[in-house]
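**Q**
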Amino acid sequence: MRMVSIHNCEEGMILAKPIYDEKARILLNIGTNLTANHIDRLKKRISFLYVKSEMTDDIVQIKEDIPFELRLKTVSSISSVFTDLSKEKQQTKKTITSRVNNFKNLKETFTKVVHELQHSHDHLNLISHLQLNNDSIFEHSLNTSLYSLSIGKTLGIPEKSLHILGLGALFHDIGKLQLPKSFMTKKELTAEEKEIMKIHTELGFEMLRKESDFHLLIAHCAYQHHEYIDGSGYPRGLKGNDIHQFAKIVAVAEKFDDLIRHKALLPHEAMEVLYGYCYIRYDREIIDAFKKAIAIFPIGVTVTLSTGEKGVVVGYNQKYPQRPRVRIFMDKEGNKLSIADFYDIDLLKELTTMIVKCDAVVERRVES
Numbered sequence: 001m002r003m004v005s006i007h008n009c010e011e012g013m014i015l016a017k018p019i020y021d022e023k024a025r026i027l028l029n030i031g032t033n034l035t036a037n038h039i040d041r042l043k044k045r046i047s048f049l050y051v052k053s054e055m056t057d058d059i060v061q062i063k064e065d066i067p068f069e070l071r072l073k074t075v076s077s078i079s080s081v082f083t084d085l086s087k088e089k090q091q092t093k094k095t096i097t098s099r100v101n102n103f104k105n106l107k108e109t110f111t112k113v114v115h116e117l118q119h120s121h122d123h124l125n126l127i128s129h130l131q132l133n134n135d136s137i138f139e140h141s142l143n144t145s146l147y148s149l150s151i152g153k154t155l156g157i158p159e160k161s162l163h164i165l166g167l168g169a170l171f172h173d174i175g176k177l178q179l180p181k182s183f184m185t186k187k188e189l190t191a192e193e194k195e196i197m198k199i200h201t202e203l204g205f206e207m208l209r210k211e212s213d214f215h216l217l218i219a220h221c222a223y224q225h226h227e228y229i230d231g232s233g234y235p236r237g238l239k240g241n242d243i244h245q246f247a248k249i250v251a252v253a254e255k256f257d258d259l260i261r262h263k264a265l266l267p268h269e270a271m272e273v274l275y276g277y278c279y280i281r282y283d284r285e286i287i288d289a290f291k292k293a294i295a296i297f298p299i300g301v302t303v304t305l306s307t308g309e310k311g312v313v314v315g316y317n318q319k320y321p322q323r324p325r326v327r328i329f330m331d332k333e334g335n336k337l338s339i340a341d342f343y344d345i346d347l348l349k350e351l352t353t354m355i356v357k358c359d360a361v362v363e364r365r366v367e368s
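Numbered according to full-length UniProt numbering, the sequence shown spans residues 1 to 368.
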């Protein structure tokens with residue numbers, strides 16, 4: 001299988017992985033022969049897809065970091081609880097029961113998510129995080145939580161504390177739901193609106209600290225996730241060790257998701273941006289842990305090597321995911337090879353060879 005930008009899809013390509021809607025229903029199944037109508041409709045829903053390719057027929061189905069159905073169930077639970085927290089409701093027996101049930105469902109679902117990640121020996125797979133072309137705060141919250149959990153796991157944070165970290169990341173932007181809805185859909189906020197938007201950290205803190213079911217650190221993740229280690233962040237301009245470690249982790253995780261989803265950067269490009277902020281905004285140790293936790297060159301993506309060769313990522317070493325195995329289909333002179341002449345290069349062994357270009361899996365957008 002090969003990963004292809006939806007904007008580079010062509011009629012006749014055959015799906016190698018199913019396409020789901022937001023309710024986990026299959027829209028197009030494996031083996032679907034894509035038509036122009038399919039492609040046009042999919043452009044409104046997804047950023048990329050997997051298609052069958054003779055050069056990568058031996059690639060096994062890529063394991064999701066959490067099952068897709070569990071992911072969608074978690075997003076649905078997040079939506080219900082966010083709605084409960086953000087609305088002032090008259091406390092009737094019915095609303096109290098509904099609220100309790102929604103919290104219970106989220107906790108049970110999220111416990112499964114933490115368990116899946118904690119006991120997985122694989123690096124975090126970015127595929128499901130990139131595939132859904134969904135700008136909702138609920139998807140962003142789950143992605144931020146998954147990234148935070150992966151960082152925490154790499155840093156050796158115990159599972160009980162990981163659960164607190166994950167929930168802190170899950171609810172880091174809850175305060176935004178008390179701001180005008182237009183703020184969430186506008187492509188560019190005015191200077192005045194940006195200042196108002198900053199209040200979401202304090203709003204979120206006040207909402208979460210009143211919840212008896214939540215550890216206070218969950219509220220502090222909402223409060224501090226825009227604080228930077230050089231003191232240039234908000235709302236209090238905290239510096240260095242005055243910022244809680246969990247908030248520092250959430251800050252890195254949510255920025256990465258923003259770069260991937262809104263700036264349309266590839267994983268390795270987003271990682272470079274994070275490193276550019278080392279010692280200014282973010283803690284170097286946390287970014288290093290994140291890099292170890294994820295495979296920044298997804299399997300199936302097309303890459304160009306420093307030798308001039310071009311190929312598809314077909315695997316990676318568990319200890320060094322940033323040095324994948326690449327199947328070459330174009331030689332140094334730019335000649336396309338026949339299938340019989342394809343060959344693999346293991347970048348863990350070819351240490352002087354680097355990936356210099358990675359084909360976009362999403363359409364480029366103008367950066368704001």
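Ideal Cβ placement from N, Cα and C applies to all residues, glycine included.
With DSSP collapsed to three states, give me the class of E367.
**A** Here the model assigns E367 a pLDDT of 36, short of 50, so the residue's position is not dependable and the matter cannot be decided.
**Q** What's the C-alpha gap between A184 and K176?
**A** Ala is not the amino acid found at residue 184; the sequence shown has Met there. Straight-line Cα distance between these residues: approximately 8 Å.
**Q** Check whether the Cβ atoms of D21 and L27 sit closer than 8 Å, and answer yes or no.
**A** In this structure, L27 lies closer than 8 Å to D21 by Cβ.
**Q** How far does the alpha helix (DSSP H) with G315 in it extend, from its first residue to its last?
**A** Element bounds for G315: not the alpha helix (DSSP H) but the beta strand (DSSP E), K310 to Y316.
**Q** For the beta strand (DSSP E) that K160 lies in, which residues bound it at each end?
**A** Run containing K160: none in the beta strand (DSSP E); it sits in the alpha helix (DSSP H), E159 to L170.
**Q** Going by DSSP, what residues sit across from I299 in a beta bridge?
**A** BP columns for I299 are empty, so no partner.
**Q** Give the DSSP-derived three-state secondary structure of M354 in the structure shown.
**A** Looking at M354 - three-state DSSP - the assignment turns out to be coil, as it is neither helix nor strand.
**Q** Within a Cβ cutoff of 8 Å, which residues of the same chain sit near K186, ignoring the five residues on either side of it in sequence?
**A** Result list for K186: E193, in chain order.
**Q** Just how far apart, CA to CA, sit V312 and D283?
**A** Their Cα atoms are separated by approximately 33 Å.
**Q** Among D242, I249, V250 and K112, which one has its Cα closest to the Cα of G231?
**A** Of the candidates D242, I249, V250 and K112, the one whose C-alpha sits nearest the C-alpha of G231 is D242.
**Q** Which residue marks the beginning of the alpha helix (DSSP H) containing I6, and which one marks its end?
**A** Counting along the chain, I6 falls outside any alpha helix (DSSP H), and DSSP gives it neither H nor E.
**Q** Considering only C-alpha positions, which residue in the set L179, H244, E11 and A253 is nearest to E195?
**A** Answer by Cα proximity: L179.
**Q** Taking T83 and V250 to be in contact with their CB atoms under 8 Å, please state how far apart those CB atoms are, rounded to whole angstroms.
**A** Not a contact, Cβ separation roughly 22 Å.
**Q** Leaving out five residues on either side along the sequence, give the residues of the same chain with a beta carbon under 7 Å from the beta carbon of N133.
**A** In this predicted model, N133 has a pLDDT of only 49, less than 50, meaning its place in the structure is not dependable enough to derive any value.
**Q** For the structure I just gave you, are there three or more beta carbon pairs, one from the stretch 288 to 301 and one from the stretch 346 to 359, closer than 8 Å?
**A** Taking 8 Å as the limit for Cβ pairs, the verdict is that the stretch 346 to 359 does touch the stretch 288 to 301.
**Q** Run the CB neighbour count on L216, radius 10 Å, all protein chains shown included, and call it buried at 16 or more, exposed below.
**A** L216 is exposed by the Cβ-count criterion.
**Q** Does P158 pass the burial test, meaning 16 or more other C-beta atoms within 10 Å, or should it be called exposed?
**A** When all chains shown are included, P158 counts as exposed.
**Q** Would you kindly work out how many angstroms separate the C-alpha atoms of S80 and Q118, rounded to a whole number?
**A** S80 and Q118: Cα-Cα distance of roughly 25 Å.
**Q** Quick test of the definition: if touching needs 3 or more C-beta pairs under 8 Å, does the stretch 216 to 226 touch the stretch 106 to 114?
**A** No: fewer than three Cβ pairs fall under 8 Å.
**Q** Inspect the beta-carbon positions of I296 and P267 and report whether they are closer than 8 Å.
**A** Going by C-beta atoms, I296 is nearer than 8 Å to P267.
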